[in-house]
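Residue numbers (the numbering used here), protein chains in the order written: chain P, -14 to 318; chain F, -14 to 318.
Note that the Cβ used here is the ideal one computed from N, Cα and C, for glycine as well.
In this text, all values refer to a predicted model and were calculated from it rather than measured experimentally.
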DNA sequence: TAGATTTTTGCATACGTATGCAATTATTTC
DNA sequence: GAAATAATTGCATACGTATGCAAAAATCTA
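Right, dumping it as structure tokens:
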């Protein structure tokens, strides 16, 4: 039974006061090199480590970031999780992982985040009710919607510029010679799907190109089934824009199953540039989300807000770029 | 500026003592129905929520589980993360997510877990030095290695029975008529790869079937490149056992690229039964890890240890089952 | 109904740290 | 080297909760 070692114990051994011990571990406090050395030696000997809870209790701050995620099946998001975790670790923050099943994050999850007084919240793949947002505001906890945005102007969001991106994709497919296009949507109520649809539609209509839209759900099965349905109804277009990569892979598999050659018979463009998009079997043309910038932008905002809460709301949109692969090569019969 | 509301405030409004408020929120404490009602109403009105930090400080317990993960690229692990998060949420625990880059979890990550006094630790795809394990023991923090095990008998681990599984896979491939087999290993120092290799080798040698082993690294690229190398060296076997699914997908893609027909020219068996294994493009025969049981086993152990620490060490191994798909159908030329 | 017993309550204190303030020590200035 | 200034230290207290103990209230017993 190891007795728990506190700052007081260290202080006694080092022959200083508990305050001095505290100051050694508190960034920016003033301690002489001499005491610091004594304290660190004593701490080492006793195996002392500051108690985060006592710390948070008194500073009323934590070094915990709440990260809310829904779709761990879509490889894009584990990647986001990993990067945030690594980046925040560098500046001493840890990640409280919250998994939600709903598009809109629910009360029980919000309670967790509030009970732990997280320093900030990142919501990657879901949204938030206005009243929930108020709760965070009341507690001066900054929140970022990552890869989602909300029409209400009370939220800070960081996205790829979905509108511009999907317009570019539209231009690209038309330039490639497509004359009959299809858009396969993600979950209907997500900002990403809505904006990708809008941008794409804008351009396609501008060029008077035929477009048919299909609803789906951002999953592999969704893409696969939608494509099968399109094929069985003999509505095959000569170009697909699929709202995310994982669905696009499903589409490609359905096409392959039906001996429909890509890119010759039809072309496919996805969105996200997940790792699998570059696998030789798929070689999917897609839009690369500027993940690093998006993460950097999110962190900059959050760190500032943690230091100095303003509650400012804004939609940040960062351009990505088209990654052209084999699913859209110029068609030669 | 919303003033922070504490148990004292609630007490005043409800006309009771702070102790009574505390008792309302503390499971198993004795409070009359009357006071409970008064307190809950007052709390509702003020928007009170207990401060987890003050709580942990005094109880010296937390409701936080540390979950350490390395390979978020392998879809098996996000699934694990999701399930643990959901299950633990049901019993009031939250997940502190720790990402490690090393096979062996490093000091800085251990510090995080210890500083937060996590109630328990789950390490999913890495291991731990003996001295690090001692630290957790000293602090009476139970640790489970999930899907990894260690020869030293100081660790509690929960795995699928890799030995039995890989023996069964060996028997299966031989029964399918394979006479020249290949094993593609995962990271060399992982228990999973070692045991899968051993079990498979045991059976193959018993049947005097030819076997060649290749080293790789549990990634898609690893599987892909290894298979390409095998092909270019003209060492193509008539059956592969690949140590995990994500590598097996790489193998399948390399085979397809070289117009090698599966299962006719060669067969492929993976391990994990990740979602993608069932995708029509791959249709991979694989071993299903009994994830639900593994998670249940882990949780039962941890909850008991949290209640009543023993530090008992044991290797739990649970059988899975072979999922036969198209990559191993009986060969007919 | 009075006494015995159980349940509920409030008081006071403890958990381990950070921090304002005053006292002490070290450093600078002339 | 003395005075002025700056840096460091210790003291005491506060953070918001849980809990042992004793007092009070409620319930039971006969």
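What did DSSP end up calling residue i once you bin it into helix, strand or coil?
{"i": "residue 369 of chain P", "result": "There is simply no residue 369 of chain P to check, as chain P begins at -14 and stops at 318 in what is shown."}
{"i": "residue 218 of chain P", "result": "coil"}
{"i": "residue 300 of chain P", "result": "strand"}
{"i": "residue 78 of chain F", "result": "coil"}
{"i": "residue 245 of chain P", "result": "coil"}
{"i": "residue 151 of chain F", "result": "helix"}
{"i": "residue 142 of chain F", "result": "strand"}
{"i": "residue 209 of chain F", "result": "helix"}
{"i": "residue 199 of chain P", "result": "strand"}
{"i": "residue 318 of chain F", "result": "Note that residue 318 of chain F has pLDDT 45, beneath the 50 cutoff, so the model's placement of it is unreliable and the number below is only indicative. Reduced to three states, the DSSP call for residue 318 of chain F is coil."}
{"i": "residue 35 of chain P", "result": "coil"}
{"i": "residue -8 of chain P", "result": "helix"}
{"i": "residue 9 of chain F", "result": "helix"}
{"i": "residue 289 of chain P", "result": "helix"}
{"i": "residue 0 of chain P", "result": "coil"}
{"i": "residue 266 of chain P", "result": "coil"}
{"i": "residue 63 of chain F", "result": "helix"}
{"i": "residue 236 of chain F", "result": "helix"}
{"i": "residue 193 of chain P", "result": "coil"}
{"i": "residue 342 of chain F", "result": "Nothing about residue 342 of chain F can be read from this structure; chain F reaches only from -14 to 318."}
{"i": "residue 71 of chain F", "result": "helix"}
{"i": "residue 41 of chain P", "result": "helix"}
{"i": "residue 14 of chain P", "result": "coil"}
{"i": "residue 312 of chain P", "result": "helix"}
How about residue i and residue j: do their beta carbons lie closer than 9 Å?
{"i": "residue 63 of chain F", "j": "residue 83 of chain P", "result": "no"}
{"i": "residue 7 of chain F", "j": "residue -1 of chain F", "result": "no"}
{"i": "residue 104 of chain F", "j": "residue 50 of chain F", "result": "yes"}
{"i": "residue 124 of chain P", "j": "residue 99 of chain P", "result": "yes"}
{"i": "residue 306 of chain P", "j": "residue 272 of chain P", "result": "yes"}
{"i": "residue 264 of chain P", "j": "residue 101 of chain F", "result": "no"}
{"i": "residue 166 of chain P", "j": "residue 248 of chain P", "result": "no"}
{"i": "residue 170 of chain F", "j": "residue 151 of chain F", "result": "no"}
{"i": "residue 31 of chain P", "j": "residue -10 of chain P", "result": "yes"}
{"i": "residue 122 of chain P", "j": "residue 85 of chain P", "result": "no"}
{"i": "residue 71 of chain P", "j": "residue 81 of chain F", "result": "no"}
{"i": "residue 212 of chain P", "j": "residue 184 of chain P", "result": "no"}
{"i": "residue 52 of chain P", "j": "residue 106 of chain P", "result": "yes"}
{"i": "residue 115 of chain P", "j": "residue 137 of chain P", "result": "yes"}
{"i": "residue 283 of chain F", "j": "residue 140 of chain F", "result": "no"}
{"i": "residue 144 of chain P", "j": "residue 186 of chain P", "result": "no"}
Checking the sheet assignment: what are the DSSP bridge partners for residue i?
{"i": "residue 273 of chain F", "result": "F:257, F:306"}
{"i": "residue 49 of chain F", "result": "F:79"}
{"i": "residue 226 of chain P", "result": "P:168, P:254"}
{"i": "residue 284 of chain F", "result": "The partner list for residue 284 of chain F (beta bridge, DSSP) is empty, contrary to what the question assumes."}
{"i": "residue 84 of chain P", "result": "P:54"}
Under the assumption that residue i contacts residue j (Cβ atoms under 8 Å), give the Cβ distance between them as a whole number of angstroms.
{"i": "residue 258 of chain P", "j": "residue 230 of chain P", "result": "7 Å"}
{"i": "residue 161 of chain F", "j": "residue 188 of chain F", "result": "Incorrect: roughly 13 Å between the Cβ atoms, too far for contact."}
{"i": "residue 142 of chain F", "j": "residue 288 of chain F", "result": "With 8 Å as the limit, residue 142 of chain F and residue 288 of chain F do not qualify as a contact, their Cβ atoms being about 17 Å apart."}
{"i": "residue 108 of chain F", "j": "residue 133 of chain F", "result": "7 Å"}
{"i": "residue 312 of chain P", "j": "residue 241 of chain F", "result": "No, residue 312 of chain P and residue 241 of chain F are not in contact; Cβ-Cβ is about 16 Å, not under 8 Å."}
{"i": "residue 207 of chain F", "j": "residue 233 of chain F", "result": "With a Cβ gap of about 11 Å, residue 207 of chain F and residue 233 of chain F do not count as contacting."}
{"i": "residue 129 of chain P", "j": "residue 113 of chain P", "result": "That pair is no contact at about 11 Å."}
{"i": "residue 60 of chain P", "j": "residue 60 of chain F", "result": "7 Å"}
{"i": "residue 90 of chain F", "j": "residue 111 of chain F", "result": "5 Å"}
{"i": "residue 88 of chain P", "j": "residue 174 of chain P", "result": "6 Å"}
{"i": "residue 226 of chain F", "j": "residue 158 of chain F", "result": "7 Å"}
{"i": "residue 168 of chain F", "j": "residue 198 of chain F", "result": "5 Å"}
Examine the ligand ADP and report whether any of its heavy atoms sits within less than 8 Å of the Cβ of residue i.
{"i": "residue 9 of chain P", "result": "You won't find the ligand ADP in this model; it holds no ligand whatsoever."}
inquiry  = Give the list of continuous beta strand (DSSP E) stretches no shorter than 3 residues that lie fully inside the segment 90 to 137 of chain P.
reply    = Taking 3 residues as the shortest admissible run, the segment 90 to 137 of chain P contains the following complete beta strand (DSSP E) segments, listed from N- to C-terminal end: 105 to 108, 128 to 131.
_My parser needs the beta strand (DSSP E) runs of 3 or more residues fully inside the segment 159 to 185 of chain F; what are they?_
With a minimum length of 3 residues, the unbroken runs of beta strand (DSSP E) contained wholly in the segment 159 to 185 of chain F fall at 165 to 169.
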